[in-house]
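Student:
In the numbering used here, the protein residues as written are 1 to 294.
1) Taking the alpha helix (DSSP H) that residue 201 belongs to, which residues open and close that run?
2) Helix, strand or coil, according to DSSP, for residue 167 in the structure here?
3) Using 8 Å as the threshold, is the C-beta distance between residue 77 and residue 125 below it?
4) DSSP on residue 182, reduced to helix/strand/coil?
5) Quick one: what does DSSP say residue 102 is sitting in, helix, strand or coil?
6) Per DSSP, what kind of secondary structure is residue 129 in: helix, strand or coil?
7) State the DSSP-derived secondary structure class of residue 12, mapped to helix, strand or coil.
8) Taking only runs of the beta strand (DSSP E) that begin and end inside the segment 53-93, which ones reach a length of at least 3 residues, in chain order?
9) Starting from residue 298, trace the beta strand (DSSP E) in both directions and tell me its first and last residue.
10) Whole angstroms are fine: how far does the CA of residue 171 sit from the CA of residue 54?
11) Between which two residues does the beta strand (DSSP E) containing residue 155 stretch?
12) Taking residue 79 as the reference, give the member of 153, 200 and 32 with the closest Cα.
13) How big is the Cα-Cα spacing for residue 127 and residue 48?
14) Quick one: what's got a C-beta closer than 7 Å to residue 82's C-beta in the same chain, skipping five residues either side?
15) CA-CA distance, residue 143 and residue 198?
16) Compare the beta carbon distance of residue 70 and residue 158 with 8 Å and say whether it is the shorter of the two.
17) Tell me where the beta strand (DSSP E) around residue 189 begins and ends.
18) So which of 84, 59 and 74 has the shortest CA-CA distance to residue 120?
19) Is it the case that the Cβ atoms of residue 75 and residue 107 are separated by a distance below 8 Å?
20) Taking 8 Å as the threshold (C-beta atoms), are residue 203 and residue 190 in contact?
21) Tell me the rounded alpha-carbon separation between residue 86 and residue 111.
22) Does residue 116 pass the burial test, meaning 16 or more other C-beta atoms within 10 Å, or should it be called exposed?
23) Comparing C-alpha positions only, which one of 141, 113 and 64 sits nearest to residue 100?
24) If we ignore side chains and look at the alpha-carbon of each, how far apart do residue 6 and residue 20 end up?
25) From the DSSP output, which residues share a beta bridge with residue 196?
26) With a threshold of 8 Å on Cβ separation, who are the neighbours of residue 42 within its own chain once the five nearest residues in sequence on each side are excluded?
27) Relative to the C-alpha of residue 147, which residue among 118, 95 and 167 is closest?
28) Spatial neighbours of residue 13 within its chain, please: CB distance less than 7 Å, with the 5 preceding and 5 following residues excluded, ordered by chain position.
29) How is residue 30 classed by DSSP in three states: helix, strand or coil?
30) Taking only three categories from DSSP, how would you classify residue 134?
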């Protein structure tokens, strides 16, 4: 069409054709904006619900920790106790009465049982529940006096979270030991050449391999013989300053110091066989939960 021959009538005819299309596009834009606003409202509503669930989850975790702590208040784990499943009670009473020199009778022992996989040449750990807290403390005190080489050591039964924290600290120390850097643990905090590293700091670091985890288990078992492990005042040395520390995430489920969900977890020693949920999975889950709660 020759531009010089275009009339006003032609322009109006063209505009009348385009106008409905523009109106349709504008209508679509309005609909999209409304949808986006609805999506935003839905997301805001979901965020509010998630926040409430996180708060509730945090409260429940706190209550669970308190409950677990109460259930383990009177419990101990004995490693290296000889005997069979049938003779466990007799062996416990004999150990406390004759070797630890504590006045102890059958009524002072609420429950006792062995747990973990049977390994040739090794005695399965024994979980005991005592009638009073004072007896528990007396046993822990006297356990320090057991002669070296007795093969028996006694530990408090820790909660799952306490166990994980101790495991992370000691695993990082084992990994760092190869670097010959001086470090120690005090009050649940890792000190490295004057630098302070909390459990939360360690969760942000890289992982330690499974070989180090096995070495950590062995080291803890040997280091804690004849005394309760992981005394917060006890200095432990050698840590990797270059990496600061790497999260050790190995088995936790059945390596904990209790044989199932009903009794929870235990001390930082090699406590149960490597089966069931791994520490790596539990720690990953714990990290996600903690990040969501903050």
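Where a beta carbon is used, it is the ideal one built from N, C-alpha and C, also for glycine. In this text, all values refer to a predicted model and were calculated from it rather than measured experimentally.
Tutor: The relevant details are as follows:
1) Numbered from its first residue, the chain shown carries residue 201 at position 201. From DSSP, the alpha helix (DSSP H) with residue 201 extends over 199-203.
2) The residue labelled residue 167 in the question sits at position 167 within the chain shown. Note: residue 167 maps to helix in three-state DSSP.
3) In the chain shown, residue 77 corresponds to position 77, counting from 1. In the chain shown, residue 125 corresponds to position 125, counting from 1. Contact: yes.
4) Sequence index remark: in the chain shown, residue 182 carries index 182 (1-based). The answer is coil: DSSP assigns residue 182 none of H, G, I, E or B.
5) Taking the first residue of the chain shown as position 1, residue 102 is located at position 102. Looking at residue 102 - three-state DSSP - the assignment turns out to be coil, as it is neither helix nor strand.
6) Mapped onto the chain shown, residue 129 falls at position 129. Of the three classes helix, strand and coil, the one that applies to residue 129 here is strand, per DSSP.
7) Sequence index remark: in the chain shown, residue 12 carries index 12 (1-based). Residue 12: helix per DSSP, three-state reduction.
8) 75-79
9) What is shown of the chain runs 1 to 294, which leaves residue 298 out entirely.
10) Here residue 54 refers to the residue found at position 54 when the chain shown is read from its first residue. Here residue 171 refers to the residue found at position 171 when the chain shown is read from its first residue. Those two C-alpha atoms are separated by around 30 Å.
11) Sequence index remark: in the chain shown, residue 155 carries index 155 (1-based). Here the beta strand (DSSP E) through residue 155 covers 153-156.
12) For the purposes of this step, residue 79 is identified with residue 79 of the chain shown, where counting begins at 1. Comparing Cα-Cα distances from residue 79 to each of 153, 200 and 32, the minimum goes to 153.
13) Your numbering for residue 127 matches position 127 in the chain shown. Your numbering for residue 48 matches position 48 in the chain shown. So the two alpha carbons sit approximately 44 Å from each other.
14) The residue you call residue 82 lines up with position 82 of the chain shown. These residues qualify, in order along the chain: 91 and 123.
15) Counting from 1 along the chain shown, the entry for residue 143 is found at position 143. Counting from 1 along the chain shown, the entry for residue 198 is found at position 198. The alpha-carbon atoms of residue 143 and residue 198 are separated by roughly 30 Å.
16) Against the chain shown, residue 70 aligns to sequence position 70. Against the chain shown, residue 158 aligns to sequence position 158. Taking 8 Å as the Cβ cut-off, residue 70 and residue 158 do not qualify as a contacting pair.
17) Against the chain shown, residue 189 aligns to sequence position 189. Looking at the DSSP string, the run of the beta strand (DSSP E) that includes residue 189 is 189-192.
18) Residue 120 sits at position 120 when you count from the first residue of the chain shown. The option with the nearest alpha carbon to residue 120 is 84.
19) As a working note, residue 75 is residue 75 in the chain shown. As a working note, residue 107 is residue 107 in the chain shown. No.
20) Numbered from 1 along the chain shown, position 190 holds the residue referred to as residue 190. Numbered from 1 along the chain shown, position 203 holds the residue referred to as residue 203. Their beta carbons are not under 8 Å apart, which means residue 190 does not touch residue 203 by this criterion.
21) For this step, residue 86 is matched to residue 86 along the chain shown. For this step, residue 111 is matched to residue 111 along the chain shown. When rounded, the distance between both Cα atoms is 13 Å.
22) Mapped onto the chain shown, residue 116 falls at position 116. Classification of residue 116: buried, given that the 10 Å Cβ count is 16 or more.
23) Start at 1 with the first residue of the chain shown, and residue 100 comes out as number 100. Residue 141 is the option with its Cα nearest to residue 100.
24) Here residue 6 corresponds to residue number 6 of the chain shown, with the count starting at 1. Here residue 20 corresponds to residue number 20 of the chain shown, with the count starting at 1. Using only the alpha carbons, I get a separation of about 22 Å.
25) Stepping through the chain shown from its first residue, residue 196 is reached at position 196. In DSSP, residue 196 forms a bridge with 191.
26) Position 42 of the chain shown, counted from the first residue, corresponds to residue 42. The answer is none, since no qualifying residue turns up.
27) Taking the first residue of the chain shown as position 1, residue 147 is located at position 147. With distances taken between Cα atoms, residue 147 lies closest to 95.
28) Position 13 of the chain shown, counting from 1, holds the residue named residue 13. Same-chain partners within the cutoff: there are none.
29) Counting from 1 along the chain shown, the entry for residue 30 is found at position 30. Three-state DSSP puts residue 30 in a helix.
30) As a position in the chain shown, residue 134 is number 134, starting the count at 1. The answer is helix: DSSP assigns residue 134 an H, G or I state.
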